[in-house]
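Residue numbers (my numbering), protein chains in the order written: chain H, 1033 to 1178; chain B, 61 to 463. Reading through the structure tokens given below for one structure.
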């Protein structure tokens, strides 16, 4: 983490730094100590770091997970059956109230338009994009990306 | 992604059928020639005058004249100026900027650099939304190549012009598409829109004069300067010159990105995309911040001024087709939930208004609230909200209640 922070001096890099730190971590969340370290590095209040962390949805993950599945449920995907797909996915992975399933390795996040409307309904698993989905296809993709 | 060119256009202006992901491919198609010519010959004023004469309007949704922004920044004396490219595409149904970022990155780099040269900026940012991982990757790679070949950095074309362009990633926030919220985000802060005035052209990034334009807007610039404003004005309509990228999705046979003259009809776009899947009900044009367009308006020209005359908006140009089986009211509910989630919380009308608006809309659906009451609240939010996010539902509801 120190190494990442040392790449950035100016506080305008706060968002970039958080991205990089989270990308390198297995569990996609920051501890209180890490938040304090980041604040000290950029010479800003812990509250400011927390403010940024809680504002942006991509940083909103509070639990340890291996993979994040972002499933689009905005109008274009919705009319192509995204709602049923969300229900199916959560049931298939046995998600808890925090939307974590697959024995703790997947977080299912319903997200806004991913700009994949031409292949709706679509999901992103971590950095990978999958479109034109149905239940069978989605099941297969999950198994291949466990 | 499928791309199409509407058949009244002889060739695309922005789209390209050859992939330009290497700089040599771009250069062999004549890329960077305009930049070379205008920098070597010191033609700053010519860049500004062509862009102004072209009447190019911002393609992000607000349709503000590009020439006005560029001239304003060029005129101001300041030791620092910035150019920012807004690539925070998040309007539901919109995927045009993603295509441009992943297929024509060098065209965007050349245009941003031309702008920087004309207005006197030495630093630029392109703010790409965090979810667009592939776009970020492609663009990073393009930037590296542009630096290696000397199209960015110090002494571009051996002139005394220096320009650095940097990528900043978003992290999941729709409001960042609003220009001042985006500037806050580049500064590493919560993305809450600023009060305007002052506008970014006077006080933008860190308080310095800043040009901020959408990806598609920049994608027009090189061709305007290469072929001249008169050439550009032959395209599109009198008040909305040029072509536009229309992302067509939903109940359509072949979802695709269509480039067409501004003023094209919805019927034409549907035809290009292979026809409706099912029986046409309506189209949501312009995404969540847009409006519904119905069967009787299928032949209506889609341009900034023609829609404005009818109290409507073109917005991002996204076209989401609904058929008779789709429930329009569910789309409206989804959009309201979207606005509730994405409201930044800074101004009361938007933060408090959307939850009440959703409640009232549900009331309307079960018969306990009148149409007027819903319209009145969305009108109030339109008049009092700080930015477009809080103002958008007016168009949605006015069009919703038309049928």
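Just so it is clear, CB atoms sit at the ideal spot from N, CA and C, and this is done for glycine as well.
Given 8 Å, three or more beta-carbon pairs between the stretch 1142-1153 of chain H and the stretch 1087-1105 of chain H:
Touching, per the Cβ criterion.
Q. Taking buried to mean at least 16 other C-beta atoms within 10 Å of its own C-beta, is residue 1090 (chain H) buried or exposed?
A. By the neighbour-count rule (16 or more Cβ atoms within 10 Å), residue 1090 (chain H) is buried.
Quiz item: Using a Cβ-Cβ distance under 9 Å, would residue 230 (chain B) count as near chain H?
Solution: By this cut-off, residue 230 (chain B) is an interface position.
Does any residue of chain H have a CB that is nearer than 9 Å to the CB of residue 309 (chain B)? For residue 309 (chain B), the answer is yes, since a Cβ of chain H falls inside 9 Å of its Cβ.
* **Which of helix, strand or coil DSSP assigns to residue 381 (chain B)** => Residue 381 (chain B): strand per DSSP, three-state reduction.
**Message:** Once DSSP output is grouped into helix, strand and coil, what is the label at residue 411 (chain B)?
**Reply:** Reduced to three states, the DSSP call for residue 411 (chain B) is helix.
key: At least three beta-carbon pairs within less than 8 Å, the stretch 345-365 of chain B to the stretch 96-108 of chain B   = The stretch 345-365 of chain B is not in contact with the stretch 96-108 of chain B.
Chain-ordered residues of the stretch 232-250 of chain B with a beta carbon less than 8 Å from chain H:
Listed by position, the residues of the stretch 232-250 of chain B near chain H (Cβ gap below 8 Å) are 232, 233, 234, 245, 246, 247, 248, 249 and 250.
> In whole angstroms, what is the alpha-carbon distance linking residue 72 (chain B) and residue 295 (chain B)?
Replying inline: If you take the alpha carbons of residue 72 (chain B) and residue 295 (chain B), they lie about 11 Å apart.
Residue 1051 (chain H): contacting residues in chain B (beta-carbon distance under 9 Å)
The answer, in chain order, is 190, 229 and 231.
Item to complete: Within 10 angstroms of the Cβ of residue 443 (chain B), are there 16 or more other Cβ atoms? Answer buried if so, exposed if not.
Response: Residue 443 (chain B) comes out exposed.
#### Entry: Cβ-based neighbour list, residue 171 (chain B), same chain, cut-off 6 Å, excluding 5 preceding and 5 following
So the qualifying residues of the chain are 278, 281 and 282.
**Item:** DSSP beta-bridge partners of residue 1141 (chain H)
**Value:** Residue 1141 (chain H) is bridged to H:1102.
### Query
Which whole-angstrom value describes the C-beta separation of residue 1143 (chain H) and residue 1154 (chain H), a residue pair presumed to lie in contact below a C-beta threshold of 8 Å?
Between residue 1154 (chain H) and residue 1143 (chain H) the Cβ distance is about 10 Å, and since that is not below 8 Å, they are no contact.
Item to complete: Return the bridge partner residues of residue 306 (chain B) from the DSSP annotation.
Response: Per the DSSP secondary-structure output, residue 306 (chain B) pairs in a beta bridge with B:318.
Practice problem: Locate the alpha helix (DSSP H) running through residue 450 (chain B), then write down its first and last residues. | Solution: It spans 448-451 - the alpha helix (DSSP H) in which residue 450 (chain B) sits, taken as one unbroken run.
* Asked: Is residue 81 (chain B) closer than 9 Å to residue 209 (chain B) when the C-beta atoms are compared?
  -> If you check the CB distance, residue 209 (chain B) and residue 81 (chain B) do not come in under 9 Å.
Quiz item: Which residues in the same chain have their Cβ closer than 8 Å to the Cβ of residue 1066 (chain H), if we skip the five residues on either side of it in sequence?
Solution: So the qualifying residues of the chain are 1033 and 1053.
| When you compare only the Cα positions, how much space is there between residue 327 (chain B) and residue 237 (chain B)? | If I take the Cα positions, the gap works out to 29 Å.
inquiry  = Quick check on DSSP: helix, strand or coil for residue 1149 (chain H)?
reply    = If DSSP states are grouped into helix, strand and coil, residue 1149 (chain H) belongs with the helices.
Practice problem: Quick one: residues in its chain with C-beta nearer than 8 Å to the C-beta of residue 1122 (chain H), no 5 flanking neighbours on either side, listed in chain order? | Solution: Counting only Cβ-Cβ distances below 8 Å, and skipping sequence neighbours, we find 1131, 1133 and 1140.
Quiz item: What are the start and end residues of the alpha helix (DSSP H) that includes residue 1043 (chain H)?
Solution: Following the DSSP letters along the chain, one finds residue 1043 (chain H) in no alpha helix (DSSP H), marked with neither H nor E.
* To do: Quick one: which unbroken beta strand (DSSP E) runs of 3-plus residues sit fully inside the stretch 1065-1092 of chain H? Chain order, please.
  => Counting only runs of 3 or more residues that sit fully inside the stretch 1065-1092 of chain H, no beta strand (DSSP E) segment turns up.
Query - Cβ-based neighbour list, residue 160 (chain B), same chain, cut-off 6 Å, excluding 5 preceding and 5 following - result: In its chain, beyond the 5 residues on either side, 275 and 279 have a beta carbon closer than 6 Å to the beta carbon of residue 160 (chain B).
Original post:
In chain order, what residues of the same chain lie with their CB nearer than 6 Å to the CB of residue 219 (chain B), ignoring the 5 residues before and after it?
Top reply: Setting aside the 5 residues that flank it on each side, residue 219 (chain B) is surrounded in the same chain by 99, each with a C-beta closer than 6 Å to its C-beta; the list follows chain order.
**OP:** Mind checking who residue 325 (chain B) pairs with in its DSSP beta bridge?
**Re:** In DSSP, residue 325 (chain B) forms a bridge with B:361.
Is there contact here, the stretch 335-353 of chain B with the stretch 410-421 of chain B, by at least three beta-carbon pairs under 8 Å? Output reads no: the stretch 410-421 of chain B does not touch the stretch 335-353 of chain B.
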